[in-house]
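Visitor:
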Amino acid sequence: MWRTIRDLLRFNRQFAAGVVLLTLVAAYSCLSFFSPYPPNDSFVVPPDVPPSWAYPMGTTSRGQDLFWLLSFAIRNTLLFGIVVAVISRLLALVIGLVAGYSGGLVDRALMSVNDTFIVIPLFPILVLFYFVMREHMSWGLLALMMACLGWAYDARLIRSVAMSLRTREFTETGIFSGMSTRQILVEEHLPYVLPIVFSTTMNNINWSIGLEVTLSVLGFTDINTPTIGVLIYWANQHTALVAGIWWWIFFPVLLVVMTFVGLFLLAVSMNEHIDPRSRLGRTGT
Amino acid sequence: MSGALLDVDNVVRTYAGGSLFARRRTVAVNGVSLRLEKARPEIFTIVGESGSGKTTLARMILNMVAPSAGAIRFNGTDLSTIRGGRARLAFMKQVQPIFQNPFEAFNPMKRVDRYLFVTARRMAGVSTDAGIVDATDGALLSVGLSLAEIRGRFPHELSGGQLQRVAIARALISRPALLVADEPVSMIDASLRASIVNLLRDLRDRLGVSIIYITHDLATAYYISDRILIMRRGEAVESGDARTVLDNPQHPYSQLLKQSVLSPDPQNRPMNF
Amino acid sequence: MNDRLPGPVLAVTDLRAYYRTKAFGVEREVRAVDDVSLSIEANEIYGLAGESSSGKTTLIKTIAAAIQPPLEVLAGSVVFNFGGRSVDMHHVDPRELAAIRWKHLSYIMQGSMNVLNPVRHVKQSFVDFAFRHIAKPMPEFLDIVRGHLQRLHLAPDVLDSYPHQLSGGMRQRVTIALATVCRPEFIIADEPTTALDVVVQKGVLAMIHQIQRELGSSIIFVTHDMAVHANLTDRLGIMYAGRLVEEGRTADVFRSPRHPYTAHLIASLPRLGDSAPKKGLEGAPPNLANPPPGCRFHPRCPRASDICGRDTPPMVELAPGHRAACFHPEPVQPA
Amino acid sequence: MTGYPVYLLTRLGQFALVVFIGINIAFIVTHATPIDPVEQSIAAATQYGSTSPEAIGLMRQSLKELYGLEGGLGEQYISFWRRVAVGNFGPSLSAFPTPVSVLIGRALPWTVSLLVVSTLLTWVLGNLLGGLAGYYRQSPALRFAGILAMAFHPIPYYIVAFMLLIVFGYLWPILPISGGYMMNMPRDWSSAFIGSLVIHSILPILSLALVGLGGWFMGMRSLVSNIVTEDYVVYAELGGVERRRILASYVMRNALVPQVTGLAMSIGAIFNGAIITEQVFGYPGVGTLLISAVYAGDYSLVLGITTVSIVAVSLAVLLIDLLYPLLDPRVRVR
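Chains as they are written, first to last, in the numbering used here: chain A, 924 to 1208; chain B, 8 to 280; chain C, 11 to 345; chain D, 1176 to 1509.
1. Based on Cα-Cα distance, which residue from His223/B, Asp233/B, Leu225/B lies nearest to aspartate 212/B?
2. Span of the alpha helix (DSSP H) holding arginine 1082/A?
3. Should glycine 57/C and threonine 272/C be called a contact, given that it needs their Cβ atoms to be closer than 8 Å?
4. Closer than 8 Å, CB to CB, is serine 1366/D near chain E or not?
5. What are the boundary residues of the beta strand (DSSP E) that includes phenylalanine 81/B?
6. Look up tyrosine 1407/D in the DSSP assignment and say whether it is helix, strand or coil.
7. With DSSP as the reference, identify every bridge partner of tyrosine 1474/D, one or two as the case may be.
8. Name the chain B residues whose beta carbon is nearer than 7 Å to that of phenylalanine 264/C?
9. Tell me which residues of the segment 1079-1093 of chain A have at least one Cβ-Cβ distance to chain B shorter than 8 Å, keeping chain order.
10. For the segment 1094-1107 of chain A, enumerate the residues whose C-beta is nearer than 7 Å to any C-beta of chain B, in chain order.
11. Compile a chain-ordered list of the residues in the segment 237-260 of chain B whose CB is closer than 8 Å to at least one CB of chain C.
12. Since leucine 185/B is in the beta strand (DSSP E), which residue starts that stretch and which ends it?
13. Candidates Pro1331/D, Asn1263/D, Ile1485/D, Trp1298/D: which alpha carbon is nearest glutamine 1434/D's?
14. Is the separation between the beta-carbon of isoleucine 1450/D and that of valine 1432/D shorter than 8 Å?
15. Smallest Cα separation from leucine 275/C: which of Asn53/C, Pro296/C, Ala237/C?
16. Report the partner residues of glutamine 103/B according to the DSSP bridge assignment.
17. Quick one: grab the DSSP three-state call for threonine 21/B.
18. Taking the alpha-carbon positions, what's the phenylalanine 1195/D to alanine 1487/D distance?
19. State buried or exposed for alanine 1420/D, treating a residue as buried only when at least 16 other CB atoms are found within 10 Å of its CB.
20. Please report how far the alpha carbon of glutamate 54/C lies from the alpha carbon of arginine 265/C, in whole angstroms.
21. Distance cutoff 8 Å, beta carbons only. Does serine 1424/D sit that close to anything in chain C?
22. Whose C-beta lies closer than 7 Å to the C-beta of valine 1455/D among residues of the same chain, with five residues either side of it excluded?
23. From proline 324/C to serine 315/C, what distance separates their C-alpha atoms?
24. Out of curiosity, what's the CA-to-CA distance linking valine 1181/D and phenylalanine 1173/A?
25. In chain order, what residues of the same chain lie with their CB nearer than 7 Å to the CB of valine 1036/A, ignoring the 5 residues before and after it?
26. Residues of chain B with a CB under 7 Å from the CB of proline 1114/A: which are they?
27. So, for threonine 1399/D: in the same chain, excluding its five sequence neighbours on each side, which residues have a beta-carbon less than 6 Å away from its beta-carbon?
28. Could you please give the first and the last residue of the uninterrupted beta strand (DSSP E) stretch that includes phenylalanine 1054/A?
29. Could you compute how far the alpha carbon of threonine 1148/A sits from the alpha carbon of alanine 1423/D?
30. In the segment 1196-1271 of chain D, which residue ranges form an unbroken alpha helix (DSSP H) of at least 4 residues, counting only runs that do not cross its ends?
31. Measuring only the C-alpha atoms, how far is serine 1288/D from leucine 107/C?
32. What are the start and end residues of the alpha helix (DSSP H) that includes asparagine 91/C?
33. Listing by chain order, which chain B residues have their CB less than 7 Å from the CB of lysine 275/C?
34. Determine the closest residue to aspartate 85/B out of Ala46/B, Leu199/B, Leu12/B, with distance taken between C-alpha atoms.
35. Identify every residue that forms a DSSP beta bridge with proline 1171/D.
36. Along chain A, in chain order, which residues have C-beta atoms closer than 9 Å to that of glycine 1197/D?
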């Protein structure tokens, strides 16, 4: 797997661009640990100051230095995205591999249930979930809920990989060489499954951050912890746009767009690498 | 029944196809029987066209597919009674497969010698590293290769012929009594084919290994087999000593197969096919 | 039939075509076809034999001008002569090339599975490929097609079925009917029967044989199966590692092969009724990315001498119509 | 019984399963939480001044009935399904006494029309451009279109809608940025009304299209670049068939088959996008209704919208699935 990443870094421009973008965003989010102001304190700096040397990203109407506040926001948003992605990977892997390897009725049953989760519109359900939870809504609960609804599409991708592996002849050579099932899964099949898990993880982080931003901007999450969506929510509450405080909206949107494009580039370049036909085309074997 | 190395007793295999509402049952193998004697190692060839069920029969003998009816006994033990890891390992020590496409039989991402070492450790019960290297080198020598030649190499770095020899060597490490080879030479160039076929005959004579040889190529079957079984749409139409059967086949299908084989010299070119 | 002018229908002279790839910083040049020259007369089935990595598929791709990167033609020419009009396949404008395709030059491919468009009726393929060449209104065109199918013992209602409804053998017969409906002068057959069962194969070969005799077209028939060559082709060319190593009338080549590789190929053929021990060839086919110097067969040749390792043997006429590229050709076997 | 009838029955079975599981999720979400919506409504209603206990008791009883929350969990489950089956979710609290189903009935056509128009536009354009880009790989124009489509694709619906709102609202105000039609316009299907209808829908459709286009574009491009190496395409090229005809009936025709399945699978996500985009532009569809229902604390309206959304999306998927065999004869004819 690491060899694949090293190759991609050297020869795939998209992958390299994605890594650069995400490193910038990650570095910036680490800055939050050195922030002079705790995230929720307001009126620690003069409000509504446009970007200047003293305040590189300007300040908000609630007297917060946007530069440090945004570092907290992006850190929380990334953390949320990663947590949802990890939990949903577990579900997607278990269901995908079980369906792929067992085949027959189990596969058909699992996949028809799986397809329902792909089709069902999740946004109204999450809104309903907020409506019922109201102030009891916590980031942990939202992450769990989104993870339980967001694994279906990826489970189908993982299942197709597992299914093809099960019927490949080198699996049977492994069995007749005395390899244990665990050894076959880990040593023979994992190198084929990891790339697809990697690219679906990138897409899932994108999906969960997208939904987090959307729900927070409407105020449907815990609006006291700063995230990108919450920042934009408060900017809207203070009608920042009308009041001309454009930077309060511009910088959060810019940063989250950088994250989306970075993650997307990683996912796309890894997908291209997985597709055997394109790889064969390149190496001409 | 004591003397039987392998006793395939009237096996049947059906597949339920189609979706939830349209159940379709296809009969892949319908009542086939054959016996291999322990005392007499031989090359038993199963010939048939695509869809004749010869591969399904092979997979049943390898205990990878369970028969829908009938039974298969190896050294007297019924394959359906083999349960649990240890029992399966014991069976697999005795019966090893050789696959059609060597490039598919090895994981392209892994080095080739790895399969040999694992087989030596797990199947032949060799524990010391030196023992493993010896067992592997010995097996490779018996197929005309050496460990030095293939050490650390990936499948795509070897030719089809070399890779198939490595596959046979891997199967030999656990000293099996029976090899089940499903079209082992159909992917190999004609010029190299003879060497692999000779190797299989040599294994029978030198190591006393019995081989079930699956093929659609009658000419190679004639050259290599002791006994032969001709299958058509899941059923055995004719079987017996290879040369007697092929010199003058009795069953009309066997005759049709024989006539369809193109004789490789232009002199007796059938005028209008 | 169109008037047959003397001279070869196809002349390939000193053709060189390589695959040039650049991946992960590694430049690779596979020398698939190296200085090949051959010519095919009218009303003749020319067999092209060769094993894996012999370059035979690349050669017919170049002949059919189906050249996509990474394949490049570096030298030589491929010239067809269709009833007085000669066409250099690599220096012809696309419109004229399209006009030739299927009217004068057609193709039968190996893929038995999906050579026909899986989502359209078979009839649609006939319309797409042949309608523009047969200048007749649609109803008449379809009558011609039905007549053609009948002559090849195919039921006309096959036109209204989808490819997936036909068996492998039937699909191949339909493809042959499609390739011959415009009565082309030259047909390229790329391993048309390799994916078929023995019984079906015989029927398809008989069909090709019958249609060729009727149309008087020339066919270049590519397969690794020497038995098929023995039963169908008039002349035979053997390719090894990107080069033509022997060529002659099929009967002569089988009776007394002059190149050691051909001799081995024919000797190692299993024959029904003959269980005498056969000898396998040592070593493996060379890697065309860096082929051995001189004669490319010398590392595996039982009669190699030091000259074989240095110089490349030219194609020499050893008997009327029988050429071979070897410094130590096999002696002539008694007739 | 093979071919189309079998396919039809399996798809109907799948439709029933989607609706069943979707409605159950909605039921579980509403009933598995510690908070009782009735208490919340009472708390909201009684926060200004004291009301007598009997009044609260009466309100609690009527609210329980209204929300279908009386009796044990089993009874609630049955009454829940009966309300869904009939489509009656009781009166809406925030717009008392109009029933929830009427409110949704008014909003749904807007969302459906927005969804259908933007999805068709995006699907056709994305597949066309993607197909061309896959077939003519070297053309710079298509490469640039690809980069543009891919730039917007990863950005979520809300952010793209928000950016368009800023651009067309403040920087270059030539398009209306909220509402479905001119406020005081009589709804008499006159050309003026229809004109204003169209102008108001431009921004939401553009927003949905910008996000969706990249997905179809990339999907189609990779499909086409694989199909181009298939035997039947190579054979058609060897047959001298015109490149336009090869592109249309050999390449695109085969590539569209998986893209129809892709459309069916992404309807749910596109629906999400539509209701989010509506909210940004104040478009009078189900999305805006849902968000305002949440702010108004109208429990039965939110529940009604969620349930109707699930059924509507499942119906759309069923419709697309039934079209699929028209494109792929291998399913229609055995």
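Don't be surprised by glycine CBs; every beta carbon is placed ideally from N, CA and C.
All figures in this text were calculated on a predicted structure; none of them were measured in a lab.
Guide: Based on what the coordinates show:
1. Counting from one through the second sequence, the residue named residue 212/B turns up at place 205. Closest by alpha carbon: Asp233/B.
2. Within the first sequence, residue 1082/A is the residue found at index 159, counting from 1. 1075-1089 is the extent of the alpha helix (DSSP H) around arginine 1082/A.
3. In the third sequence, counting from the first residue as 1, residue 57/C sits at position 47. In the third sequence, counting from the first residue as 1, residue 272/C sits at position 262. Not closer than 8 Å, so no.
4. Of the protein chains in the structure, A, B, C and D, none is chain E.
5. Within the second sequence, numbered from 1, the residue matching residue 81/B stands at position 74. Looking at the DSSP string, the run of the beta strand (DSSP E) that includes phenylalanine 81/B is 76-81.
6. Locating residue 1407/D in the fourth sequence gives position 232, where the first residue counts as 1. Here tyrosine 1407/D sits in helix by DSSP.
7. Residue numbering aside, residue 1474/D sits at position 299 when the fourth sequence is read from its first letter. None; tyrosine 1474/D has no bridge partner.
8. In the third sequence, residue 264/C corresponds to position 254, counting from 1. Going along chain B in sequence order, the residues near phenylalanine 264/C (Cβ under 7 Å) are Asp272, Pro273.
9. Arg1091, Glu1092, Phe1093
10. Glu1095, Thr1096, Phe1099, Ser1100, Gly1101, Met1102
11. Arg250, Leu253, Asp254
12. Residue 185/B sits at position 178 when you count from the first residue of the second sequence. Here the beta strand (DSSP E) through leucine 185/B covers 185-189.
13. Here residue 1434/D is taken as the residue at index 259 of the fourth sequence, counted from 1. Considering only alpha carbons, the answer is Trp1298/D.
14. Indexing the fourth sequence from 1 puts residue 1450/D at position 275. Indexing the fourth sequence from 1 puts residue 1432/D at position 257. No, these two residues do not count as a Cβ contact at 8 Å.
15. Translated into positions along the third sequence, residue 275/C becomes position 265. It is Ala237/C.
16. Start at 1 with the first residue of the second sequence, and residue 103/B comes out as number 96. Paired residue(s): Leu186/B.
17. Position 14 of the second sequence holds residue 21/B. Strand at threonine 21/B.
18. Position 20 of the fourth sequence, counted from the first residue, corresponds to residue 1195/D. Position 312 of the fourth sequence, counted from the first residue, corresponds to residue 1487/D. When rounded, the distance between both Cα atoms is 13 Å.
19. Counting from one through the fourth sequence, the residue named residue 1420/D turns up at place 245. Before going on, a small fix: residue 1420/D reads as arginine here, not alanine. Result: exposed.
20. As a first step, residue 54/C is located in the third sequence; it is residue number 44 there, counting from the start. As a first step, residue 265/C is located in the third sequence; it is residue number 255 there, counting from the start. Rounded to whole angstroms, glutamate 54/C to arginine 265/C spans 20 Å at the Cα level.
21. Working through the fourth sequence from its first residue, we reach residue 1424/D at position 249. Output row for serine 1424/D: interface = yes.
22. As a first step, residue 1455/D is located in the fourth sequence; it is residue number 280 there, counting from the start. Here the set comprises Tyr1333, Ala1336, Phe1337, Leu1340.
23. Your numbering for residue 324/C matches position 314 in the third sequence. Your numbering for residue 315/C matches position 305 in the third sequence. Roughly 16 Å separates the two Cα atoms.
24. Stepping through the fourth sequence from its first residue, residue 1181/D is reached at position 6. Stepping through the first sequence from its first residue, residue 1173/A is reached at position 250. Going by the C-alpha atoms only, they are around 54 Å apart.
25. Your numbering for residue 1036/A matches position 113 in the first sequence. Nothing listed; no residue qualifies.
26. Looking up residue 1114/A in the first sequence gives position 191. Result: Met116.
27. Along the fourth sequence, read from residue 1 onward, the residue named residue 1399/D stands at position 224. A small correction: the amino acid at residue 1399/D is valine; threonine does not occupy that position in the sequence shown. Closer than 6 Å at Cβ, skipping near neighbours: Gly1306, Gly1309, Tyr1310, Val1426, Ala1430.
28. As a working mapping, residue 1054/A is identified with position 131 in the first sequence. It is not in any beta strand (DSSP E) - phenylalanine 1054/A instead sits in the alpha helix (DSSP H) that spans 1045-1056.
29. Your numbering for residue 1148/A matches position 225 in the first sequence. Your numbering for residue 1423/D matches position 248 in the fourth sequence. Rounded to the nearest angstrom, the two C-alpha atoms are 53 Å apart.
30. 1212-1220, 1228-1242, 1248-1261
31. What you label residue 1288/D is simply residue 113 of the fourth sequence in a count that begins at 1. What you label residue 107/C is simply residue 97 of the third sequence in a count that begins at 1. Roughly 49 Å separates the two Cα atoms.
32. Taking the third sequence and counting its residues from 1, the one referred to as residue 91/C is at position 81. First-last for asparagine 91/C: 81-92, but that is the beta strand (DSSP E), not the alpha helix (DSSP H).
33. Taking the third sequence and counting its residues from 1, one reaches residue 275/C at position 265. Reading off the sequence shown, one finds leucine at residue 275/C, where the question assumed lysine. Ordered by position in chain B, the residues that pass the 7 Å Cβ test against leucine 275/C are Ala197, Ser198.
34. Residue mapping note: residue 85/B aligns to position 78 of the second sequence, counting from 1. Nearest option by C-alpha distance: Leu12/B.
35. With chain D represented from 1176 up to 1509, any question about residue 1171/D goes unanswered, as that position is not in the structure.
36. On the fourth sequence, residue 1197/D is found 22 positions in, with the first residue counted as 1. Chain A residues near glycine 1197/D: Thr1039, Val1042, Ile1043, Pro1044, Ile1048.
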